[in-house]
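Numbered per mature numbering (1 follows the signal peptide of the UniProt record, and there is no 0), the sequence shown spans residues -26 to -1, 1 to 166.
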Amino acid sequence: MRIPGFARLLALSAALLFGFSSLASAQSAPRVRVETTLGNFVIELDPQRSPLTVASFLEYVKAGHYTDTVFHRVIGNFVVQGGGYDAKYVEKPTRPGTPNESGNGLSNRRGTVGLARTGEPHSGTAQFYVNLADNAALDPQPSRWGYTVFGHVVEGMNVVDDIGAVATGSLGPFDRDAPLQPIMIKRVEVLK
């Protein structure tokens, strides 16, 4: 079947427009650098699928909330979690919880970044975690809320793996899973 010239031009234009809009949206995704005592990693955020969580996270970043906090929970082959406690394991003040966006189509796969929370689904504030493995158990199910994924590590996953491999035990207010040698988040900064 032969496509007339105008229809072919229209189809090509639509394909180019779709391609450029996808490229533009990928290029506009904000990125942050997490500087730790074991090295740095970069997170690309997904404001299209997790707009409320990304906005809240960026507010904490811009306010300097993560400066000199610790990774207080490290479970090998599961997650590394931080951003809520200072170097003396005192919990930092936070804003009210962010509405749960776990039904956004993003899954807790290795390298994704999620919003930590309590058992209450809308309780996530500043603490975040990075998945060390595929953790489908953290995804939403028909009968329960999941944990909101709002980004993924695009550089330095080896650093996250190094954090996930440290010795853990009881430290500060934590009975288990706390790094015995504290791992500090020196700062988190917006790259773009």
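Ideal placement from N, C-alpha and C gives every residue a C-beta, glycine not left out. These numbers come from a predicted model, not from an experiment.
Alpha carbon to alpha carbon, how far is residue i from residue j?
{"i": "Gly71", "j": "Thr99", "result": "5 angstroms"}
{"i": "Leu145", "j": "Ile137", "result": "16 angstroms"}
{"i": "Leu154", "j": "Arg47", "result": "11 angstroms"}
{"i": "Val44", "j": "Asn82", "result": "22 angstroms"}
{"i": "Thr122", "j": "His96", "result": "10 angstroms"}
{"i": "Val28", "j": "Gln115", "result": "22 angstroms"}
{"i": "Asn14", "j": "Glu94", "result": "31 angstroms"}
{"i": "Ile157", "j": "Asp42", "result": "10 angstroms"}
{"i": "Ala(-3)", "j": "Asp149", "result": "Below a pLDDT of 50, predicted positions are generally treated as unreliable, and Ala(-3), at 45, falls in that range; no measurement from the model is reported."}
{"i": "Lys166", "j": "Arg7", "result": "10 angstroms"}
{"i": "Ile159", "j": "Arg118", "result": "32 angstroms"}
Can you tell me which of the options puts its alpha carbon nearest to the alpha carbon of residue i?
{"i": "Thr68", "options": "Asp149, Phe31 and Tyr103", "result": "Phe31"}
{"i": "Asn78", "options": "Gly120, Gln55, Asn132 and Val64", "result": "Gly120"}
{"i": "Lys36", "options": "Leu112, Pro4 and Ala61", "result": "Pro4"}
{"i": "Leu26", "options": "Tyr59, Tyr103, Ala110 and Phe124", "result": "Phe124"}
{"i": "Val162", "options": "Ala90, Pro73, Phe102 and Ala152", "result": "Phe102"}
{"i": "Asp151", "options": "Gly56, Met131, Asp113 and Ala107", "result": "Gly56"}
{"i": "Leu112", "options": "Asp135, Val164, His126 and Ala90", "result": "Ala90"}
Since residue i contacts residue j with CB under 8 angstroms, what's their CB separation in whole angstroms?
{"i": "Val54", "j": "Val104", "result": "5 angstroms"}
{"i": "Asp108", "j": "Arg84", "result": "6 angstroms"}
Does the ligand COA have a heavy atom nearer than 8 angstroms to the CB of residue i?
{"i": "Ser30", "result": "The model depicted lacks the ligand COA and carries no ligand whatsoever."}
Can you give, in chain order, each stretch of the alpha helix (DSSP H) that sits fully within the region 18 to 53 and has at least 4 residues? 25 to 36
Taking the runs of the alpha helix (DSSP H) that are 4 residues or longer, which of them lie wholly in the region 131 to 165? 131 to 138
What are the start and end residues of each continuous beta strand (DSSP E) run of 3 or more residues lying completely inside the region 56 to 103, in chain order? 86 to 89
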